[in-house]
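Structure first, then comments.
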Amino acid sequence: MLGLDNIERVKPGGLELKDRLVAVNRVTKVTKGGRAFGFSAIVVVGDEAGTIGFGLGKSKEVASAIAKAVEDAKKNLVKVPVMNHTIPHQTSARYGGADIFMRPASHGTGLIAGGAVRAVLESAGIHDILSKSKGSSNPHNVVKATFKALLDIRRPEEIARMRGVSLTKVFNG
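Residue numbers (my numbering): 1421 to 1593.
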């Protein structure tokens, strides 16, 4: 999907997935017979428990573009670490011109994110996070940068195993 090795892929069977429409774009192709209009849609699906995916769909009608995007998203499901409705550590990523920064937040902070980032984080089940989107606001690149940032997060259990220390020592130093 984004060329990362440590991603945990998930099969859509048996999951209660909810889809969120991020953006619909009207595209025009100019031919000798006039203009041909089409639509492209980007959708994020997730079970609000750490499993998310995004997809792109193109069609002559909006509804079928969204349906194609949802089907594409279900083929690209991945698991991201969510602890206590936030992320384990801060992360940032860049995709194209979009630059995303995310920091974990304490319970009750809320989802501090805008537009495309919010759709991705809500689908993942993250309720408390601080995020900033810099650079390009193109929804396609923002969604891909957010996914890249979420997939860069390492689980605390994995870090404890690599360091050879207990899980409490990872958090408390």
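Where a beta carbon is used, it is the ideal one built from N, C-alpha and C, also for glycine. This one's a predicted model, so the numbers in the text were calculated from it and none came from an experiment.
(request) Taking only the alpha-carbon atoms, compute the straight-line gap between residue 1441 and residue 1567 and give it to the nearest angstrom. (result) Against the sequence shown, residue 1441 aligns to sequence position 21. Against the sequence shown, residue 1567 aligns to sequence position 147. So the alpha carbons of these two residues sit roughly 16 Å apart.
(request) May I have the straight-line CA-CA distance separating residue 1468 from residue 1490, to the nearest angstrom? (result) Here residue 1468 corresponds to residue number 48 of the sequence shown, with the count starting at 1. Here residue 1490 corresponds to residue number 70 of the sequence shown, with the count starting at 1. If I take the Cα positions, the gap works out to 16 Å.
(request) Note down the Cα distance separating residue 1559 from residue 1457, rounded to an integer number of angstroms. (result) Position 139 of the sequence shown, counted from the start, is the residue given in the question as residue 1559. Position 37 of the sequence shown, counted from the start, is the residue given in the question as residue 1457. Taking the straight line from one Cα to the other gives about 20 Å.
(request) Count the other CB atoms, across all protein chains shown, that sit within 10 Å of the CB of residue 1513; report buried if there are 16 or more and exposed otherwise. (result) The count along the sequence shown starts at 1 and reaches residue 1513 at position 93. Buried, by the Cβ-count rule.
(request) Spatial neighbours of residue 1480 within its chain, please: CB distance less than 6 Å, with the 5 preceding and 5 following residues excluded, ordered by chain position. (result) Position 60 of the sequence shown holds residue 1480. 1458.
(message) Between residue 1580 and the ligand COA, is there a pair consisting of the residue's CB and a ligand heavy atom that are separated by less than 6 Å?
(response) This structure lacks the ligand COA; in fact it carries no ligand of any kind.
(request) Excluding the 5 residues preceding and the 5 following residue 1436 in the sequence, name in chain order all residues of the same chain whose CB lies nearer than 7 Å to its CB. (result) The residue given as residue 1436 occupies position 16 in the sequence shown. Contacts found: 1467.
(request) Closer than 7 Å by C-beta to residue 1414: which residues in its own chain qualify, once you throw out the five before and the five after it? Chain order, please. (result) Residue 1414 is absent from the structure shown; the chain starts at 1421 and stops at 1593.
(message) Am I right that residue 1463 and residue 1486 are in contact with their C-beta atoms under 8 Å? What's the rounded C-beta distance?
(response) Counted from its first residue, the sequence shown places residue 1463 at position 43. Counted from its first residue, the sequence shown places residue 1486 at position 66. About 6 Å separates the Cβ atoms of residue 1463 and residue 1486, confirming a contact at the 8 Å cut-off.
(request) Would you check if the region 1543-1553 and the region 1500-1509 touch, i.e. whether three or more CB-CB distances between them fall below 8 Å? (result) Flag = yes, the region 1500-1509 and the region 1543-1553 touch.
(message) For residue 1430 and residue 1474, I'd like the C-alpha separation in whole angstroms.
(response) As a working note, residue 1430 is residue 10 in the sequence shown. As a working note, residue 1474 is residue 54 in the sequence shown. The straight-line gap separating the alpha-carbon atoms of residue 1430 and residue 1474 is approximately 13 Å.
(request) Assign residue 1537 to one of two classes, buried (16 or more other C-beta atoms within 10 Å of its C-beta) or exposed (fewer than that). (result) Here residue 1537 corresponds to residue number 117 of the sequence shown, with the count starting at 1. Per the 10 Å Cβ criterion, buried.
(request) Please state whether DSSP places residue 1539 in a helix, a strand or coil. (result) As a working mapping, residue 1539 is identified with position 119 in the sequence shown. In the structure shown, residue 1539 sits in a helix (DSSP, three-state: H, G or I).
(request) May I ask you to report which of helix, strand or coil DSSP gives residue 1478? (result) The sequence position of residue 1478 within the sequence shown is 58, counting from 1. Strand at residue 1478.
(message) Let me make sure I understand the geometry here. Which of 1554, 1433, 1584 has the alpha-carbon closest to that of residue 1495?
(response) Numbered from 1 along the sequence shown, position 75 holds the residue referred to as residue 1495. The shortest Cα separation from residue 1495 among 1554, 1433, 1584 belongs to 1433.
(request) Compare the beta carbon distance of residue 1590 and residue 1579 with 7 Å and say whether it is the shorter of the two. (result) Locating residue 1590 in the sequence shown gives position 170, where the first residue counts as 1. Locating residue 1579 in the sequence shown gives position 159, where the first residue counts as 1. For residue 1590 and residue 1579, yes; Cβs fall inside 7 Å.
(request) Give me the Cα-Cα distance between residue 1516 and residue 1587, rounded to the nearest whole angstrom. (result) To locate residue 1516, count along the sequence shown from 1; it is residue 96. To locate residue 1587, count along the sequence shown from 1; it is residue 167. Going from the Cα of residue 1516 to the Cα of residue 1587 covers about 36 Å.
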